[in-house]
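Student: Protein chains in written order, with the numbering used here: chain U, 20 to 309; chain L, 7 to 432.
All C-beta atoms in this analysis are idealised placements derived from N, C-alpha and C, irrespective of residue type, glycine included.
The model shown is predicted, which means the values in this text are computed figures rather than measured ones.
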Amino acid sequence: MKLTQNIPVEHSSQNRILEIKPQNSVFNLHLKDVWEYRDLLWLLVRRDFVSFYKQTILGPLWFFIQPIFTTIVFTVIFSSLAKLSTNGAPPALFYLAGTVAWNYFSDCLTKTSTVFKDNANIFGKVYFPRLIMPLSIIFSNLVKFGVQLILFVLMLFYYLLEHRVQPNWYILLFPVVVFLMAILGLGIGLIVTALTTKYRDLAFIVTFGMQLLMYATPVIYPLAAAPAKYRTLITLNPMSGLIETFRYGFLGTGQFYTGAFTYSVIASIIIFILGLIVFNKVEKNFVDTV
Amino acid sequence: MDDFAIKVENLSKAYQLGDFSTGTLNRDLERWWALMRGKEDPFLKIGETNDRTVKGESDIIWSLKDINFEIKPGDAVGIIGRNGAGKSTLLKVLSRVTSPTTGLIKVKGRIASLLEVGTGFHPDLTGRENVFLNGAILGMRKAEIKKQFDAIVDFAGIERYIDTPVKRYSSGMYVRLAFAVAAHLESEILIVDEVLAVGDAEFQKKCLGKMNDVSKGEGRTVLFVSHNMGSVSQLCNQGILLKNGQVEAIDKISVIVDKYITSQQVTKAGYSAKQIDIETKSIVFTEVYLSNADQKINNDFDVFDFIFIHTNILIKQLVSGLKLSVTIQNKNGEYVSTFVEDISYFNDQGTGTYQLILKLDKELIAPNSYYLRLALFVHNAMIYDLVEMICPFRIHDTGTDLAFAEGADYGHFLMKYKLEKVEKIN
């Protein structure tokens, strides 16, 4: 058999001693391991993307269809029927901005919140840094978000030509907003998945909680339109500051809430770190209880 | 520097039995409270052994207990034990799928574990895409997979299908591709659970051959779990026998395989029928055992001994053409040889219990471990009773030409031959 060419193993691992111990430090996040497995991360993202539209006629077009229809329905119901304010922004663009951003956050959260349960089989059979899985979910959704953003940008240009929107410099915060939405969704998702390995109760809350949470976030209404007594309550939700900033930068309607945004930044980072720690603590033994 | 590939020190692993529900939450809180105060976990009581048949005090079970061993680089180690002995748990801990409860494992080099073939295969992706994905899951870099890609496809023998989604593969093709990926891992240590039980005989042989290459040709360390003593002894040079989560013995593989087989024999030397069988069956074996010429029950024979098979048969119904078949099975349960005795002569003497003693010739069965399989039947009509894998027995080598290789497996019967001719032809 010619198949063993015996390529010398070039890893420095030859003399590195790996120690398997009951409990490593909670703060050892194996980030070096994660880096070594970066190819796997990429391949998982690719898998999610490719398998999404395999055996469909429209293929990747499906990424557009969902936000388009949601936007149409929202425009008809909330703008035409309920006559909710959009703060002067074109309703379709307003709702599309809200839907696309909210969906990114919501998908990151719900998909990572079942990562242990969904991958129990793989995790039970082979070791790789567990963090790779939730990270791949974040990146897969980022791809989807990017595709949907094209739709948003096209629509934005249309309204730009009609002079109905005025983007401003806050648009530069966009990458920061996306990053914060990702780590916020990831952070909460990690906490939920870690807590649900043994007791699944929390998973039920997530499924309907996310729908309710959307209404507690300025997705279909501008924060300015919320009654003053609820406004503080709404800004307690870290997503509020992010969505508002996102929309303000692109559409130029409404305003930039410095306080809410700062709060979102701090809350997202804290939740993210908390999520990493909890996830890290549970990942070592979850196979025994999931 | 002391040289090892894997070093296991005082390794233990506990599992919680029972269901998780509201009740367990209570206990979890109690436990958490104890740990917070720096006390010992009240539910991890040391001292109970893992015996499934006995009801323990707590519902924590020690799947592994105080395991210590060391594996040298380049060794192929077979891990043997009955179901529930802790083999799979040990492999899981070694492959870092789950972490130990106490203890320490030191590993030198990269570990690739193969607890299942095709982990992470996505049915909608093509063979090519899955090779990359599966390879990456098993710990290979993309560049490595690229380098090995042709070899992998070649080994699996599915070139034509490589760009077809794997859900359209036959199960054999699927398994072949999956194993091919794993077989081309470039790690210093390879851990393999019983995955060879899949695929057709030809492919199994190929897998074993590849594993042999890996351990002997490339000098990598292999850990192998299987219930098939045949492949274990073929593949491994060292063995670890686990029993109830503890290491029973570590030695050369032939010694370990023997120990394993004889340890099963201790529980049952001969065969006695269950009461229910005696009551319900019309013709039934009540007792079967082996003996030497001295008529005493025995399971260890010398290669120069005659072996006597004693069978007690209860006949409640007279049938014509009743036959008794006796088959010798090897340690894997395969049939080595069979003979059939026509026992319709019982009919003349009416119903009752009869004893038959059959004498097997000496210097015929090769030194090895065997079982018996007996049946009472009428040809092409009815099987009245059938028992198999009973009366485990060993034949010891005390002076055949092969005695120097005692412990090695060299087949099932002693070949009688003589040298015809020796001649220089070139």
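Between G53 of chain L and chain U, is any beta-carbon pair separated by less than 8 Å?
Tutor: Legend: pLDDT at G53 of chain L = 48, less than 50; position of this residue unreliable, no value from coordinates given.
Student: Using 8 Å as the threshold, is the C-beta distance between F399 of chain L and Y376 of chain L below it?
Tutor: Yes, they are a contact pair.
Student: Shortest alpha-carbon distance to T359 of chain L belongs to which of L:E429, L:R116, L:H316 and L:V253?
Tutor: Cα-wise, what sits closest to T359 of chain L is L:H316.
Student: Starting from G245 of chain L, follow its DSSP beta bridges and name the residues at the other end.
Tutor: Answer by DSSP bridge pairing, in chain order: L:G84 and L:D257.
Student: Please list, in chain order, the chain U residues whose beta carbon lies closer than 9 Å to that of S375 of chain L.
Tutor: Going along chain U, no residue has its Cβ under 9 Å from S375 of chain L, so there is no contact; the nearest lies around 33 Å.
Student: With F125 of chain U and M229 of chain U assumed to form a contact (beta carbons below 8 Å), what rounded beta-carbon distance in angstroms separates them?
Tutor: A small correction: the amino acid at residue 125 of chain U is Ser; Phe does not occupy that position in the sequence shown. 5 Å between Cβ atoms; contact.
Student: Under a CB-based cut-off of 8 Å, is Y351 of chain L close to chain U?
Tutor: It does not: the Cβ of Y351 of chain L has no partner Cβ on chain U nearer than 8 Å.
Student: Considering only their Cβ atoms, is the gap separating L62 of chain U from F138 of chain L smaller than 8 Å?
Tutor: Yes, they are a contact pair.
Student: Can you tell me the Cα-Cα spacing of G245 of chain L and V384 of chain L, whole angstroms?
Tutor: Their Cα atoms are separated by approximately 44 Å.
Student: For L121 of chain L, does the three-state DSSP call read helix, strand or coil?
Tutor: Coil, per DSSP.
Student: Taking CB distances under 8 Å as the criterion, tell me whether R149 of chain U reaches chain L.
Tutor: Not one chain L Cβ lies under 8 Å of R149 of chain U.
Student: Exposed or buried, which one is Q74 of chain U when buried takes at least 16 other CB atoms within 10 Å?
Tutor: Per the 10 Å Cβ criterion, exposed.
Student: Going along the chain, which unbroken runs of the alpha helix (DSSP H) with 4 or more residues stay wholly within the segment 242–271 of chain U?
Tutor: The segment 242–271 of chain U contains these whole alpha helix (DSSP H) runs: 247–254 and 257–270.
Student: So with CB distances below 8 Å, who are the chain L contacts of P41 of chain U?
Tutor: What P41 of chain U touches in chain L: S105, P106, T107, T108 and G109.
Student: Counting only beta-carbon atoms, is D130 of chain L nearer than 8 Å to chain U?
Tutor: Yes, D130 of chain L counts as interfacial toward chain U.
Student: Kindly list the residues whose CB is nearer than 8 Å to the CB of V306 of chain U, restricted to its own chain and excluding five residues on each side of it in sequence; keep chain order.
Tutor: So the list reads A139, F142 and G143, once near-sequence residues are dropped.
Student: Applying the 10 Å Cβ sphere with the 16-neighbour rule, what's the burial state of G215 of chain L?
Tutor: So G215 of chain L counts as exposed.
Student: Please identify, using Cβ separations under 8 Å, the residues of the segment 68–92 of chain U that lie next to chain L, in order along the chain.
Tutor: Under the 8 Å Cβ criterion, the segment 68–92 of chain U contributes V69, S70, K73 and Q74.
Student: Output yes if chain U places a C-beta closer than 8 Å to the C-beta of G163 of chain L; else output no.
Tutor: With 8 Å as the cut-off, G163 of chain L does not count as an interface residue toward chain U.
Student: Which same chain residues, not among the five before or five after A372 of chain L, have their C-beta less than 6 Å away from its C-beta?
Tutor: Here the set comprises G417, H418, F419 and L420.
Student: E293 of chain L to Q281 of chain L, Cα distance in whole Å?
Tutor: Going from the Cα of E293 of chain L to the Cα of Q281 of chain L covers about 12 Å.
Student: What do you reckon, are the CB atoms on L341 of chain U and A116 of chain U nearer than 8 Å?
Tutor: An answer regarding residue 341 of chain U cannot be provided, because it is not within the stretch 20 to 309 covered by chain U.
Student: Is the Cβ of Y471 of chain L closer than 8 Å to any Cβ of chain U?
Tutor: Nothing can be reported for residue 471 of chain L: it is not among the residues displayed for chain L, which extend from 7 to 432.
Student: Counting only beta-carbon separations shorter than 8 Å, does A142 of chain L have a partner in chain U?
Tutor: Chain U contact via Cβ: present.
Student: Give the residues of chain L in contact with I36 of chain U, contact being defined as C-beta atoms less than 8 Å apart.
Tutor: Near I36 of chain U (Cβ distances below 8 Å), the residues of chain L are K112, V113 and K114.
Student: List, in order along the chain, the chain L residues whose C-beta lies closer than 7 Å to that of D307 of chain U?
Tutor: The answer, in chain order, is Y21 and T104.
Student: So does the segment 51–60 of chain U actually touch the segment 140–151 of chain L, counting three or more Cβ pairs closer than 8 Å?
Tutor: Contact between the segment 51–60 of chain U and the segment 140–151 of chain L is present, because at least three Cβ pairs lie under 8 Å.
Student: According to DSSP, is S105 of chain L helix, strand or coil?
Tutor: S105 of chain L: coil per DSSP, three-state reduction.
Student: Would you please verify whether the beta carbon of F138 of chain L is less than 8 Å from any beta carbon of chain U?
Tutor: True, the Cβ-Cβ gap to chain U drops below 8 Å.
Student: In chain order, what are the residue ranges of uninterrupted alpha helix (DSSP H) at least 4 long that sit wholly in the segment 50–98 of chain U?
Tutor: Runs of the alpha helix (DSSP H) inside the segment 50–98 of chain U: 50–55, 57–72 and 81–93.
Student: Which residue comes first and which comes last in the alpha helix (DSSP H) that contains S132 of chain U?
Tutor: Neither: S132 of chain U is in no alpha helix (DSSP H) and is coded neither H nor E.
Student: Could you pull out every residue in the same chain whose Cβ sits closer than 8 Å to the Cβ of G356 of chain L, ignoring the five residues on either side in sequence?
Tutor: For G356 of chain L, where only same-chain residues beyond five positions count, the Cβ hits under 8 Å are L324.
Student: If you drop the 5 nearest sequence neighbours on each side, which residues of the same chain put their C-beta closer than 7 Å to that of N304 of chain U?
Tutor: Result list for N304 of chain U: empty, nothing under 7 Å.
Student: How should A11 of chain L be labelled, buried or exposed, when 16 other C-beta atoms within 10 angstroms of its C-beta is the threshold for buried?
Tutor: It counts as buried.
Student: Buried or exposed: where does N299 of chain U fall if 16 or more other Cβ atoms within 10 Å of its Cβ makes it buried?
Tutor: With 16 or more Cβ atoms within 10 Å of its Cβ, N299 of chain U is classed as buried.
Student: So, does the CB of K303 of chain U fall closer than 8 Å to a CB anywhere in chain L?
Tutor: It does: the Cβ of K303 of chain U has a partner Cβ on chain L nearer than 8 Å.
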